[in-house]
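Q: One structure is given below, represented as structure tokens, and several questions about it will come after.
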Amino acid sequence: MPDPRLIASLIGKLLSASNQEKLAYESKIIELLGGDPVKKVTNLPPRRGKADGGIDGRIKIRAPKITKIQDGEGLLYKKGNPVIQEAGISVKIESKKFSRIQFGGFKDDLERENLYIGVIVSATGLAPDTQRRISDIHQEGIYQFIPLSLGDLLAGNIPNEFICDHNPEKLFRELN
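Here the sequence shown is numbered in the numbering used here, starting from 119 and rising by one per residue.
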């Protein structure tokens, strides 16, 4: 595991990078988590291009399969066994915490793309109201959000749900 001071130093370096460099780092993080930073977006007006404002890419996650079932009363959601499936990922290298507004946009984009799992990687963590909102959503049992701090990621504290190489040295080296 890398030294905590080195991790803090690298996070500081990433936070002070230009916007263009941050976008490159965000893509690299998604790739290192085994994902695809290319935005696959559906049902957006052509003027928006591929910029959906919330989903930065997609990664593979092992989690319970959620199935939508239409019945006479409306929609039901059934939680099945854990399977490998796509999750949307949002990576934010910003000095402010991941806000409830950012989270709302991310969740809306997941809904539009029929994804039930969202991964949030943030350099400075989640705002308290975002944490509360995620807790409320988890109680509903439909969507699953996995918040992951950049510090934990660099230290190798990657949840087992991730289908990727859990090698913090490689991640640290690639971002440095």
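Just so it is clear, CB atoms sit at the ideal spot from N, CA and C, and this is done for glycine as well.
Predicted, not measured: the structure shown is a model, and the values here were computed from it.
Pick helix, strand or coil for Lys178, following the three-state DSSP scheme.
A: Taking the sequence shown and counting its residues from 1, one reaches residue 178 at position 60. DSSP places Lys178 in strand when its eight states are reduced to three.
Q: Take Ile260 and list the residues in its own chain whose beta-carbon comes closer than 7 Å to its own, dropping the five residues that flank it on each side.
A: If you number the sequence shown from 1, residue 260 lands on position 142. Closer than 7 Å at the Cβ level, and outside the excluded window around Ile260, lie Ile184, Tyr195 and Tyr234.
Q: Taking Asp270 as the reference, which of Arg176, Asn137 and Ile147 has the closest Cα?
A: The residue given as residue 270 occupies position 152 in the sequence shown. It is Ile147.
Q: Helix, strand or coil for Ser208, going by three-state DSSP, please let me know.
A: On the sequence shown, position 90 is the one that residue 208 refers to. Ser208: strand per DSSP, three-state reduction.
Q: What is the DSSP secondary structure of Glu137, counted as helix, strand or coil?
A: The count along the sequence shown starts at 1 and reaches residue 137 at position 19. Checking the sequence shown, residue 137 turns out to be Asn, not Glu. Asn137 falls in the helix class under three-state DSSP.
Q: Hey, could you find the ends of the beta strand (DSSP E) Ser267 is sitting in?
A: As a working mapping, residue 267 is identified with position 149 in the sequence shown. Its beta strand (DSSP E) spans residues Gln262 to Ser267.
Q: Got a sec, what are the start and stop residues for the alpha helix (DSSP H) Ile219 sits in?
A: The count along the sequence shown starts at 1 and reaches residue 219 at position 101. Arg218 to Arg230 is the extent of the alpha helix (DSSP H) around Ile219.
Q: By the DSSP assignment, the alpha helix (DSSP H) with Glu255 in it spans what residues?
A: Against the sequence shown, residue 255 aligns to sequence position 137. The identity of residue 255 in the sequence shown is Ile, whereas the question assumes Glu. Counting along the chain, the alpha helix (DSSP H) containing Ile255 begins and ends at Pro246 to Glu258.
Q: To the nearest angstrom, how far is it from the Cα of Ile202 to the Cα of Ile281?
A: In the sequence shown, counting from the first residue as 1, residue 202 sits at position 84. In the sequence shown, counting from the first residue as 1, residue 281 sits at position 163. In a straight line, the C-alpha of Ile202 is about 8 Å away from that of Ile281.
Q: Which residues does DSSP pair with Val93 in a beta bridge?
A: For the chain, the structure presents residues 119 to 294; residue 93 sits outside this window and is missing.
Q: Indicate the three-state DSSP secondary structure (helix, strand or coil) for Lys168 in the structure shown.
A: To locate residue 168, count along the sequence shown from 1; it is residue 50. Here the model assigns Lys168 a pLDDT of 49, short of 50, so the residue's position is not dependable, and the following value carries that caveat. Correct three-state label for Lys168: coil.
Q: Given Arg166, which residues of its chain have a CB within under 6 Å of its CB, disregarding the five upstream and five downstream residues?
A: Numbered from its first residue, the sequence shown carries residue 166 at position 48. With a pLDDT of 48 at Arg166, under the threshold of 50, the predicted position of this residue should be treated as unreliable, though the coordinate-derived value follows. Hits under 6 Å: none found.
Q: List the whole-angstrom C-beta distance separating Ile177 from Gly152, where the pair is believed to meet the contact cut-off of C-beta under 8 Å.
A: Here the question's residue 177 lines up with position 59 in the sequence shown. Here the question's residue 152 lines up with position 34 in the sequence shown. Indeed, because the Cβ distance is near 6 Å, the residues count as touching under 8 Å.
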